[in-house]
Amino acid sequence: MEISRRQFIKSAAIQSAVTAAAVLFPGISFGAWKMLDPSSGSIEWKKTPCRFCGTGCGLLVGVSGDRAVAVKGDPNCTVNKGLCCVKGYHSVQILYGKDRITQALVRKNGKLVETPLAEALDLVASKMQETIKSHGKDSVAMYGSGQWSIADGYVASKLFKGCIGTNNLEANARLCMASAVTGFMTSFGLDEPMGSYDDIDHADVFIMWGNNMAEMHPVLFSRMLANRKSKGHVKIIDFATRTTRTSQAADRSILFNPQTDLAVANAICYEIIRNDWVNWDFVNKHVSFHKGKTNIGYGTEDHFKFKDKAETVSLEEYKEFLADYTPENVEKISGVSAKDIRYLASLYGDPDKKVVSYWCMGMNQHTRGTWINNLVYNCHLLVGKISQPSNGPFSLTGQPSACGTVREVGTLTHKLPHGVVMKEGARKMAAKIWDVPVENIDPKPTYHTVEMFRALDRGDIRFMWVQVTNPMVTMPNLNRYRDGAEKDGRFMVVSEIYPTPTYDVADVVLPSALWIEREGFFGNSERRTQHNDQIIPMPGDCMSNTWQIIEVARRMGFEKQFSWSEETYIEDIWNEYIQFHDSPKHRMAPFKVLKARSGAVWPFVDGLETKWRYNAKYDPAAKGDDFHFYGKPDNRAWIWLRPYEPAAESPDSEYPFWLNTGRILEHWHTGSMTRRVPILHKAAPESYVEINPDDANRLGIVSGGKVKISSRRGSVVMKASINGRGRPPQGMVFVPFFDESYLINEVTLDAFCPISKQPDYKKCAVKLERV
Amino acid sequence: MPVFSYLAYPVPGAKKELINDLAALDYCEATPADNQEILILVTDTPDENKEKELQKKLKNLKSLESLGMTFGHTDG
Numbered sequence: 011m012e013i014s015r016r017q018f019i020k021s022a023a024i025q026s027a028v029t030a031a032a033v034l035f036p037g038i039s040f041g042a043w044k045m046l047d048p049s050s051g052s053i054e055w056k057k058t059p060c061r062f063c064g065t066g067c068g069l070l071v072g073v074s075g076d077r078a079v080a081v082k083g084d085p086n087c088t089v090n091k092g093l094c095c096v097k098g099y100h101s102v103q104i105l106y107g108k109d110r111i112t113q114a115l116v117r118k119n120g121k122l123v124e125t126p127l128a129e130a131l132d133l134v135a136s137k138m139q140e141t142i143k144s145h146g147k148d149s150v151a152m153y154g155s156g157q158w159s160i161a162d163g164y165v166a167s168k169l170f171k172g173c174i175g176t177n178n179l180e181a182n183a184r185l186c187m188a189s190a191v192t193g194f195m196t197s198f199g200l201d202e203p204m205g206s207y208d209d210i211d212h213a214d215v216f217i218m219w220g221n222n223m224a225e226m227h228p229v230l231f232s233r234m235l236a237n238r239k240s241k242g243h244v245k246i247i248d249f250a251t252r253t254t255r256t257s258q259a260a261d262r263s264i265l266f267n268p269q270t271d272l273a274v275a276n277a278i279c280y281e282i283i284r285n286d287w288v289n290w291d292f293v294n295k296h297v298s299f300h301k302g303k304t305n306i307g308y309g310t311e312d313h314f315k316f317k318d319k320a321e322t323v324s325l326e327e328y329k330e331f332l333a334d335y336t337p338e339n340v341e342k343i344s345g346v347s348a349k350d351i352r353y354l355a356s357l358y359g360d361p362d363k364k365v366v367s368y369w370c371m372g373m374n375q376h377t378r379g380t381w382i383n384n385l386v387y388n389c390h391l392l393v394g395k396i397s398q399p400s401n402g403p404f405s406l407t408g409q410p411s412a413c414g415t416v417r418e419v420g421t422l423t424h425k426l427p428h429g430v431v432m433k434e435g436a437r438k439m440a441a442k443i444w445d446v447p448v449e450n451i452d453p454k455p456t457y458h459t460v461e462m463f464r465a466l467d468r469g470d471i472r473f474m475w476v477q478v479t480n481p482m483v484t485m486p487n488l489n490r491y492r493d494g495a496e497k498d499g500r501f502m503v504v505s506e507i508y509p510t511p512t513y514d515v516a517d518v519v520l521p522s523a524l525w526i527e528r529e530g531f532f533g534n535s536e537r538r539t540q541h542n543d544q545i546i547p548m549p550g551d552c553m554s555n556t557w558q559i560i561e562v563a564r565r566m567g568f569e570k571q572f573s574w575s576e577e578t579y580i581e582d583i584w585n586e587y588i589q590f591h592d593s594p595k596h597r598m599a600p601f602k603v604l605k606a607r608s609g610a611v612w613p614f615v616d617g618l619e620t621k622w623r624y625n626a627k628y629d630p631a632a633k634g635d636d637f638h639f640y641g642k643p644d645n646r647a648w649i650w651l652r653p654y655e656p657a658a659e660s661p662d663s664e665y666p667f668w669l670n671t672g673r674i675l676e677h678w679h680t681g682s683m684t685r686r687v688p689i690l691h692k693a694a695p696e697s698y699v700e701i702n703p704d705d706a707n708r709l710g711i712v713s714g715g716k717v718k719i720s721s722r723r724g725s726v727v728m729k730a731s732i733n734g735r736g737r738p739p740q741g742m743v744f745v746p747f748f749d750e751s752y753l754i755n756e757v758t759l760d761a762f763c764p765i766s767k768q769p770d771y772k773k774c775a776v777k778l779e780r781v
Numbered sequence: 262m263p264v265f266s267y268l269a270y271p272v273p274g275a276k277k278e279l280i281n282d283l284a285a286l287d288y289c290e291a292t293p294a295d296n297q298e299i300l301i302l303v304t305d306t307p308d309e310n311k312e313k314e315l316q317k318k319l320k321n322l323k324s325l326e327s328l329g330m331t332f333g334h335t336d337g
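The following block contains the structure:
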């Protein structure tokens, strides 16, 4: 099929109109758009989820011949109802960058040289076997991604945990979602949100906890704005450490000092109890109180160990604990006025208001990430605003399949597709489904991500295979980990689509297929599993990440466990995988359903999706007549006594600024894809440092002028942005991490939450110098 | 061979009428929004003269309140 120039122009004309309409009328839908197809040329439209953030927008990709030529929002997908963000609309252009990797490369005499793919796969398998023979099974590791397709993560887990017998399997979701997981596990006993995106359309109040949703989840944010516009009384509260586009659109912007969200959350609960806004029926029936260890450290040293211990306490003890968190006390450390704290508490406490709390990296990339997740749940549990339409806490996901692949398949050192390696029952289930001896599965977790890269540096790990992620840009305290990867005696395999700083340290590069060049699945923030067909052919020698792992597994002698055919392997893997979740608490939709629909939310029971978990009205696993928090042994949700503790590193006289890092609307993570899309690159061609205008004035820094940002670990020189899209308060700077020319993670600190092991990219101390 | 796209705003209450009016015109393709009182209009005329004629017809539509251009292309 060919598309004429004229048809292309018309397609662009339609696209422009839809984009303009979406800006003017957030949430607008053009269900009849497909009717334009016959007149707009020979384009065939095929469904797929977007491959960028965790929202999980449904796309329709226009294909002409073997080429993806256009994108529009899928009106049948309830997530985005036909709308996309700027990344989604340009997503197919990531397929066609000029420097796409289409051949395998092997480092020979210091240079990466094109090599037949079969030879490269032979080398990967033999090197892994050789390393295991010389240094033991725990000397090899795989580091994957929340952008992995579910099948990628599943076969990686089967190979590493089931066949090789090492728990050296981690994914970059450790850097983005681990605190959300441990937050859910400690408060509810089961991972992932209880609510769904339907909450956005009907809530009265939205409280964003350190979450720049306008840029990071713009489609969901536009649904929120549409709700506010249609109802009139809806309030959006931006509770954050800097002013962003979200603050500008919000009804109230309340700034807090970094790390003090812990104290404010406790003060909100203090006020809820003081005013007797507690939903006592709910609390008495469905909540229990617990405390854990305090002064728990920051993990900056190698081999750091921490294990929390829960102790049941009484409501009275909880009240005593909260006595330190009066609004006046908390005002002193948080910078949030007592009046504003009382205002926030009143929103949660008003029985006539439906409240949704949203958060993402601000709460998760936090040295007390698990604690702050617990504390926001406390706010909802005290007033019983949870597990019901438009009332609930909702942890948003950063990546398209951090939930689907990493959290559900369990591609973390301690996890299996169902349960954890420490539990015999979980090991037995995995061994049976995988057809491996149960002794193969090691009951001891090995390394979480930061410790895995430390082990690579120390030489405890000698072989690492990286897929769909770019750790040589994203690891905090990067200098140490890049030096480690480049040491003699290390062997790095990198499955990639474009050259990156991680590609630069590779001994073997395997050319990967992009998402619509292969069949697969993602799982989004609201427990929605989304299938995509292979829509266009793979270029050159590219291969799906799933099939790369299968090829290597077979070469290592695991033919029996990886015997699927290339024609049907994705469906076969799905059918094997869903055996792990065959209960009303987590049943997944059948392959046939996922292929036909723009996603289905689990638990999928008797043909129905479960939009609100733990509520017997909606959740078939919940018993009784109202709520049932069946994840915990006492069948209750747990309120935790978690104190305020300071950040791992705070500004001082030598390093007087907080450094905060993050993403921006136009670029996805390290920019390896979006910086190759001309329009996105043009919109944000390089990174910058946002500085408060008063600080800039004092230091003689002007917008566009060069600034050196230094910490105890490294420094970066980049341009200043003053009063740009974001404005930090005095004493803070913000740097987006999308630009590999400015490796801001050489400056950040590798401190992490001792429970989740997720690093804190939002807080370390730096100094600024005008260059 | 000009191609333009617009957001077409009907006079209040006349969305259906505007859809019908546009459907009756050559070189026009209209797509209504499901949940807002607007339409997307794409015009694709063979030359400048036809484009001018179409513009006149559009201006005379009683059901059309205003047009907001979102895309324009003319050869040469």
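Here the protein sequences come in this chain order: A and B.
Residue 408 in this note's numbering sits at position 398 of the first sequence; the count goes up by one each step and never skips.
Residue 322 in this note's numbering sits at position 61 of the second sequence; the count goes up by one each step and never skips.
Yeah, the Cβ is synthetic: ideal placement off N, Cα and C, and Gly gets one too.
On a predicted model such as this, the values are computed, not experimentally measured, just so you know.
| Item | Value |
| --- | --- |
| Residue nearest to P361/A in terms of C-alpha spacing, selected from K595/A, K395/A, E619/A, G307/A | K395/A |
| Spatial neighbours of S50/A in its chain, beta-carbon cut-off 8 Å, leaving aside the 5 residues before and after | Note that S50/A has pLDDT 47, beneath the 50 cutoff, so the model's placement of it is unreliable and no number is given. |
| In DSSP terms, what F216/A is bridged to | I246/A, V366/A |
| Between the CA atoms of A465/A and N177/A - distance to the nearest angstrom | 13 Å |
| Y752/A, buried or exposed, once every other Cβ within 10 Å from all chains shown has been counted against 16 | buried |
| Best match in H541/A, Y624/A, V743/A for proximity to C60/A [C-alpha to C-alpha] | H541/A |
| Residues within the segment 278-295 of chain B neighbouring chain A, beta-carbon criterion of under 8 Å | E290, T292, P293, A294, D295 |
| Candidates N310/B, L319/B, N296/B, D305/B, of which the one nearest N281/B by Cα | L319/B |
| Residue from M226/A, E311/A, I282/A, D208/A whose Cα sits closest to the Cα of V386/A | I282/A |
| Whole beta strand (DSSP E) elements within the segment 405-484 of chain A, 3-residue minimum | 473-477 |
| Three-pair Cβ contact test at 8 Å for the segment 523-539 of chain A versus the segment 548-561 of chain A | yes |
| Neighbourhood of E54/A by C-beta distance below 8 Å, restricted to the same chain and skipping five residues each side | M11, G72, V73, S74 |
| Min CB distance L46/A to chain B below 8 Å | At L46/A, the pLDDT of 45 sits below 50, so the modelled position is not reliable; the number obtained from the coordinates is stated separately. Answer yes: the Cβ-Cβ gap between L46/A and chain B drops below 8 Å somewhere. |
| Short Cβ contact (8 Å threshold) for T270/A with I343/A | yes |
| is_contact[D305/B, chain A] using C-beta, thresh 8 Å | yes |
| Amino acids of chain B, ordered along the chain, whose beta-carbon sits closer than 8 Å to that of R472/A | Result: empty, since nearest Cβ-Cβ is about 56 Å, beyond 8 Å. |
| Any C-beta of chain A under 8 Å from that of S239/B | What the structure shows of chain B is the stretch from 262 to 337, and residue 239/B is not part of that stretch, so it cannot be assessed. |
| Local Cβ density within 10 Å of V81/A, reported as buried at 16 or more and exposed below that | buried |
| Chain-ordered neighbours of L268/B on chain A, where CB pairs are closer than 8 Å | A27, A30, A31, L34 |
| DSSP three-state assignment for F719/A, whether helix, strand or coil | The displayed chain sequence assigns Ile, not Phe, to residue 719/A. Note: I719/A maps to strand in three-state DSSP. |
| is_contact[V272/B, chain A] using C-beta, thresh 8 Å | no |
| Contact set for E124/A: own chain, Cβ-Cβ below 8 Å, skip 5 residues either direction | Q113, A114, L115 |
| Short CB-CB distance (under 8 Å) between S660/A and chain B | no |
| Simplified DSSP state of D47/A, which is helix, strand or coil | For D47/A, the predicted model reports a pLDDT of 48, less than 50, meaning its position is unreliable and no value from the coordinates is stated. |
| C-alpha distance - H313/A paired with E461/A, whole-angstrom precision | 7 Å |
| Cutoff 8 Å: R597/A Cβ touching any chain B Cβ | no |
| R708/A, buried or exposed, once every other Cβ within 10 Å from all chains shown has been counted against 16 | exposed |
| Opposing strand residues paired with S650/A [DSSP bridges] | As written in the sequence, residue 650/A is Trp, which differs from the Ser given in the question. According to DSSP, W650/A bridges with H300/A. |
| Beta-carbon proximity check, T423/A vs T377/A, cutoff 8 Å | no |
| Short CB-CB distance (under 8 Å) between K241/A and chain B | no |
| N-terminal and C-terminal residue of the alpha helix (DSSP H) that S144/A is part of | 127-145 |
| First and last residue of the uninterrupted beta strand (DSSP E) at I701/A | 699-701 |
| Cβ of T331/B within 8 Å of any chain A Cβ | yes |
| W574/A - partner residues in DSSP beta bridges | DSSP, once it has assigned bridges, lists no residue as partnering W574/A. |
| Exposed unless 16 or more other CB atoms sit within 10 angstroms - verdict on K313/B | exposed |
| Exposed unless 16 or more other CB atoms sit within 10 angstroms - verdict on M45/A | With a pLDDT of 43 at M45/A, under the threshold of 50, the predicted position of this residue should be treated as unreliable, and no value is reported. |
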